[in-house]
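Counting from 1, position 70 in the sequence shown corresponds to residue 70 in the working numbering; the numbering is continuous, with no gaps. Just so it is clear, CB atoms sit at the ideal spot from N, CA and C, and this is done for glycine as well. Input: a single structure, listed below in structure tokens.
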Amino acid sequence: METQLHFDNCSKQLSLRFKERFRTDEGINFKVKGSLNTVTGAIESNFSLGTGRSDLRQRNSRRLRRGTRATFEFHKPELSLQGTYVPGPDELAYGLKAQQRTFAGPFWLKAKGAVQYRARSQKVSAHGDLQLCHTMYRFTDMQDVRLVLGCHAHADGRSTRGSLFNSVVPYGVVRENNWSLLTNFKGRWTVLYDL
1 METQLHFDNC SKQLSLRFKE RFRTDEGINF KVKGSLNTVT GAIESNFSLG TGRSDLRQRN
61 SRRLRRGTRA TFEFHKPELS LQGTYVPGPD ELAYGLKAQQ RTFAGPFWLK AKGAVQYRAR
121 SQKVSAHGDL QLCHTMYRFT DMQDVRLVLG CHAHADGRST RGSLFNSVVP YGVVRENNWS
181 LLTNFKGRWT VLYDL
């Protein structure tokens with residue numbers, strides 16, 4: 001089981017995150033992801049059942065009981081098609097995701113994006129990330145360090161001032177073997193520790 005401690009300066013609450021994957025001999029995948037807030041005791045979980053190329057996901061949360069959803073995904077090497085049924089608003093959403101990596105010497109550029117269309121309300125939303133990454137192997141005797149500078153953009157058709165995107169947020173990540181520090185360069189930060 002993969003476990004991780006999560007703390008950020010906004011909520012100022014420590015949470016324990018976990019993830020486990022099981023695979024049967026018949027090729028069926030079962031994935032469990034969740035989070036336990038150590039202050040409030042709230043539990044959030046995400047269950048996924050799949051057969052390799054497609055997944056059926058079920059999300060549960062004690063906090064948001066109406067947040068249950070089912071997702072069907074079809075995966076290709078760098079492209080996934082997704083359909084989501086959200087019972088609360090009784091709306092079907094279709095989505096398209098893609099990602100690409102390009103290497104240039106010791107650096108690599110990673111671009112990923114997603115578009116979602118909601119059938120009932122006929123709304124389109126999109127988001128994407130562009131990352132410049134560099135890994136320093138053997139930074140010390142037993143330590144590798146990865147540096148990431150990125151930008152996250154989000155658009156849902158309600159942008160102002162003629163801009164295509166509603167928000168564009170820069171971010172940075174410094175990752176050591178077990179520790180990660182994430183920041184948005186505007187005062188918000190998160191520390192992660194892999195157990």
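- Taking Ser15 as reference, the option from Asn29, Ile43, Arg188 and Arg21 with the minimal CA-CA separation is Ile43.
- The beta carbon of Ser125 sits closer than 6 Å to those of Gln116 and Asp156, all from its chain and outside the five residues before and after it, given in chain order.
- Excluding residues up to 5 positions away in sequence, Lys19 and Asn46 lie with their Cβ nearer than 6 Å to the Cβ of Lys33 in the same chain.
- Rounded to the nearest whole angstrom, the C-alpha separation of Thr38 and Ala104 is 42 Å.
- Between Asn184 and Val174, the C-beta gap is not smaller than 9 Å, which leaves the two residues out of contact.
- Annotation: the continuous beta strand (DSSP E) that includes Asp144 extends over Gln143 to Ala155.
- In this structure, Val148 sits near Leu132, with a CB-CB distance shorter than 9 Å.
- Linking Arg21 to Arg188 through their CA atoms gives a straight-line distance of about 31 Å.
- Bounds of any beta strand (DSSP E) do not take in Glu176, whose DSSP letter is neither H nor E.
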